[in-house]
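Working notes for the structure below.
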Amino acid sequence: MKAKMDLIVNGKRLDGRGPEDLREIKITSNVIRNAAGSAYIEWGANKIISAVYGPREALPKHISDPDKAIIKCRYTMAPFSSLEEHGKPGMNRRAVEISKVTAEVFEDVILVDSFPGNEISIFIEVLQGDGGTRAAGITCAAVALATSGIPMRDMPYAVSAGRIGESVVLDLNKIEDNYSEADMPVAISPRTGNINLLQMDGILTREQFRQAIGMVKKAGETITRIQKEALIKPYQEIAEKYMEG
Amino acid sequence: MQIRAITEEYLKSRYSRNLRDDNRQLTEYRKIVLKTGIVPSAEGSAEIFLGNTHVITGVKIGMGEPMPDTPEDGNLITSNELLPMASEAFDAGPPSPESIEIARVVDRGIRAAGVVDMSKLFIEAGKVWEVFIDVHVFNYDGNMFDAGTLSAVAALLSARMPKYEDGKVIREGSLGRLPTGNIVTSCTYAKVVGKVVLDPDSNEEAFASSRITIANDEQYIRAMQKGLSGSFTQSEIESAIEMSFDKSKTLREIIKKAVGD
Chain A
0 MKAKMDLIVN GKRLDGRGPE DLREIKITSN VIRNAAGSAY IEWGANKIIS
50 AVYGPREALP KHISDPDKAI IKCRYTMAPF SSLEEHGKPG MNRRAVEISK
100 VTAEVFEDVI LVDSFPGNEI SIFIEVLQGD GGTRAAGITC AAVALATSGI
150 PMRDMPYAVS AGRIGESVVL DLNKIEDNYS EADMPVAISP RTGNINLLQM
200 DGILTREQFR QAIGMVKKAG ETITRIQKEA LIKPYQEIAE KYMEG
Chain B
0 MQIRAITEEY LKSRYSRNLR DDNRQLTEYR KIVLKTGIVP SAEGSAEIFL
50 GNTHVITGVK IGMGEPMPDT PEDGNLITSN ELLPMASEAF DAGPPSPESI
100 EIARVVDRGI RAAGVVDMSK LFIEAGKVWE VFIDVHVFNY DGNMFDAGTL
150 SAVAALLSAR MPKYEDGKVI REGSLGRLPT GNIVTSCTYA KVVGKVVLDP
200 DSNEEAFASS RITIANDEQY IRAMQKGLSG SFTQSEIESA IEMSFDKSKT
250 LREIIKKAVG D
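Protein chains in written order, with numbering that gives the first Met the number 0: chain A, 0 to 244; chain B, 0 to 260.
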């Protein structure tokens with residue numbers, strides 16, 4: 000049962016956002032020296048690190064594919080990542096599912112045919128979670144992959160939309176997610192608009208679904224811009240240093 | 000790879016005539032046979048044949064502690080077993096990510112639609128009823144998601160409700176029914192050689208690039224899950240949603256008939 004809770008008052012959400020507003024997103028690329036690529040994202044109160052290793056020999060041997068690289072993903076939440084109790088470290092059933100659907104997003108965009116017999120491992124660790132961690136994790140991992148130089152057709156982004164009362168809203172935080180009527184994380188390849196991840200539970204009409212996808216695609220322009228800025232920034236800094244001379 | 004290419008060509012030419020390997024149309028279900036009450040030891044049970052996919056789902060109800068965030072609601076725990084006897088492709092061992100995904104998607108539709116009235120499963124402070132749904136596949140020929148959801152919902156709707164008296168769980172004698180409030184059904188589609196087909200069998204799944212499951216009741220979408228490494232366009236998903244509302248009318252009737260309502 001949903002407890003009664005006013006999540007939207009006078010068109011404003013608890014944190015002051017309007018229905019279509021994203022939380023503030025900051026991405027830093029190249030944060031883990033040992034990895035082939037990495038990124039750190041702050042998305043509202045979410046704090047997530049992602050790192051990519053590979054292409055490297057796929058292990059154990061029997062899982063390797065002679066035609067293409069296999070994509071492994073491991074999404075985990077740190078035991079200290081929530082305001083509530085100490086969590087269990089490692090993978091629970093939720094993490095297994097999120098890891099699976101996340102790997103599937105990147106299988107579609109990475110040029111896997113280029114690396115037969117290899118694996119590419121994507122690690123996503125949630126340091127602090129405040130709703131929408133799988134979406135923020137995918138957005139962050141896409142940047143980590145781009146910094147690794149692994150060839151991709153597209154750089155996906157993800158964000159969730161949902162329903163609070165009768166309103167469709169974008170980017171639900173933890174408390175909104177807990178009391179919302181529906182939550183729907185979506186990942187999209189911006190060049191084609193193809194939907195690479197779609198999950199949903201709750202209660203949604205067909206019209207609200209269309210509205211939600213529309214909001215996600217609109218927000219995608221902003222998220223893609225932030226992702227690209229994170230990729231360019233280290234080079235800009237070097238360029239500026241040389242300009243100063 | 001030669002055989003794969005030939006099979007792909009074959010499927011393409013069949014699909015271009017709106018026909019599948021088993022002569023179904025692209026948006027047609029296989030024959031569904033659903034029966035309830037086949038395992039009397041379980042509080043609820045159902046057996047489904049979805050074409051050659053054979054699934055038995057049991058519902059057991061016991062007593063347990065509530066989840067910290069829902070202290071006054073019962074618990075719902077859904078598991079899936081892809082038994083090694085069901086396919087060459089399955090091995091014994093801990094549940095695979097595929098199996099976990101199936102269990103979680105079946106669970107999500109049932110939970111979101113309020114099939115079980117969880118608020119009526121409260122016993123006393125710190126004590127609630129726990130409803131265990133176990134989806135076991137005995138012969139696998141594709142589309143576990145819909146076979147799982149249909150059989151689980153039928154098993155729940157036909158389940159008897161144990162009683163709690165003097166600190167004991169009473170499972171026999173005159174018992175009422177598990178309190179339920181809604182019917183949810185799911186429709187699963189796969190994109191195979193570029194076409195979206197309903198209720199894929201295992202041959203089609205072997206060629207599927209992406210998959211989507213839509214769970215809905217009469218009025219609302221209740222759960223969705225996209226799977227596999229390919230993608231869908233927005234309009235492909237919108238037509239899948241429209242079709243699911245249409246197909247679910249028949250599926251609900253099949254469940255009602257199996258439950259005997």
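Even glycine gets a Cβ: it sits at the ideal position worked out from N, Cα and C.
- No Cβ of chain B is located within less than 9 Å of the beta carbon of aspartate 170 of chain A.
- Where asparagine 45 of chain A is concerned, the enclosing beta strand (DSSP E) starts and stops at 45–56.
- Per the C-alpha coordinates, the member of B:Val130, B:Val136, B:Asp245 and B:Ser44 positioned closest to phenylalanine 89 of chain B is B:Val136.
- Taking 9 Å as the Cβ-Cβ cut-off, the segment 196–209 of chain A approaches chain B at Leu196, Leu197, Gln198, Met199, Asp200, Gly201, Ile202, Leu203, Thr204, Arg205, Gln207, Phe208 and Arg209, given in chain order.
- Phenylalanine 122 of chain A is bridged by DSSP to A:Ala50 and A:Arg73.
- Every unbroken stretch of the beta strand (DSSP E) spanning 3 or more residues and falling wholly within the segment 10–91 of chain B is given here in chain order: 31–35, 43–49, 52–63 and 74–81.
- Among the bridge pairs identified by DSSP, methionine 143 of chain B is matched with none.
- Taking all protein chains shown into account, serine 44 of chain B has 16 or more neighbouring C-beta atoms within 10 Å of its C-beta and is therefore buried.
- The segment 198–216 of chain B and the segment 102–116 of chain B touch, with three or more beta-carbon pairs separated by less than 8 Å.
- In the structure shown, proline 184 of chain A falls within a strand segment according to DSSP collapsed to helix, strand and coil.
- Restricting attention to A:Ser113, A:Gly130 and A:Glu206, the CA atom closest to the CA of arginine 152 of chain A is found in A:Ser113.
- For alanine 146 of chain B, the CB contacts under 6 Å within the same chain, skipping 5 residues up- and downstream, are Ile47, Leu49, Thr52 and Val54 in chain order.
- Interface annotation for the segment 74–94 of chain A against chain B: Glu83, Glu84, Arg92 and Arg93, criterion Cβ-Cβ distance under 9 Å.
- Valine 108 of chain A and lysine 71 of chain A have their C-alpha atoms roughly 14 Å apart.
- A residue is called buried once 16 or more other Cβ atoms fall within 10 Å of its Cβ, and glycine 92 of chain B, having fewer, is exposed.
- Judged by their CB atoms, leucine 230 of chain A and valine 142 of chain A are nearer to each other than the 9 Å cut-off.
- Close partners of proline 65 of chain B in chain A (Cβ separation under 8 Å) are lacking, with about 12 Å as the shortest Cβ gap.
- Rounded to whole angstroms, the gap between the alpha carbons of aspartate 106 of chain B and lysine 255 of chain B is 20 Å.
- A residue is called buried when at least 16 other Cβ atoms come within 10 angstroms of its Cβ; proline 199 of chain B meets this threshold and is buried.
- Sequence-ordered contacts of the segment 129–149 of chain A with chain B are nonexistent [C-beta pairs closer than 7 Å].
- In summary, methionine 242 of chain A is exposed, with fewer than 16 beta-carbon neighbours lying within 10 Å of its beta-carbon over all protein chains present.
- For tyrosine 219 of chain B, there is no enclosing beta strand (DSSP E), as DSSP marks it with neither H nor E.
- Using a Cβ-Cβ cut-off of 9 Å, isoleucine 240 of chain B counts as an interface residue toward chain A, since at least one Cβ of chain A sits closer than that to its own.
- In the DSSP assignment, isoleucine 212 of chain A falls within the unbroken alpha helix (DSSP H) covering 205–243.
- The C-beta of alanine 124 of chain B has fewer than 16 other C-beta atoms within 10 Å across all chains shown, which makes the residue exposed.
- Using a Cβ-Cβ cut-off of 9 Å, asparagine 33 of chain A does not count as an interface residue toward chain B, since no Cβ of chain B sits closer than that to its own.
- Using a CB distance cut-off of 9 Å, glutamine 218 of chain B counts as an interface residue toward chain A.
- Annotation: the continuous alpha helix (DSSP H) that includes arginine 93 of chain A extends over 92–108.
- Residue contact with chain A for arginine 107 of chain B: present (Cβ-Cβ distance below 9 Å to some residue of chain A).
- Think of a sphere of 7 Å around the beta carbon of glutamine 1 of chain B: no beta carbon from chain A falls inside it, the nearest being about 14 Å out.
- Per DSSP, the beta bridge partners of tyrosine 39 of chain A are A:Thr27 and A:Ile48.
- Between glutamine 207 of chain A and valine 196 of chain B, the alpha-carbon positions lie close to 25 Å from each other.
- If you draw a straight line from the Cα of methionine 84 of chain B to the Cα of asparagine 138 of chain B, it is about 7 Å long.
- Within 10 angstroms of the beta-carbon of proline 70 of chain B lie fewer than 16 other beta-carbons, which makes it exposed.
- Of all alpha-carbon atoms in A:Met199, A:Thr75 and A:Ile194, the one lying nearest the alpha-carbon of aspartate 182 of chain A is that of A:Met199.
- Interface with chain B (9 Å Cβ-Cβ cutoff): asparagine 117 of chain A is excluded.
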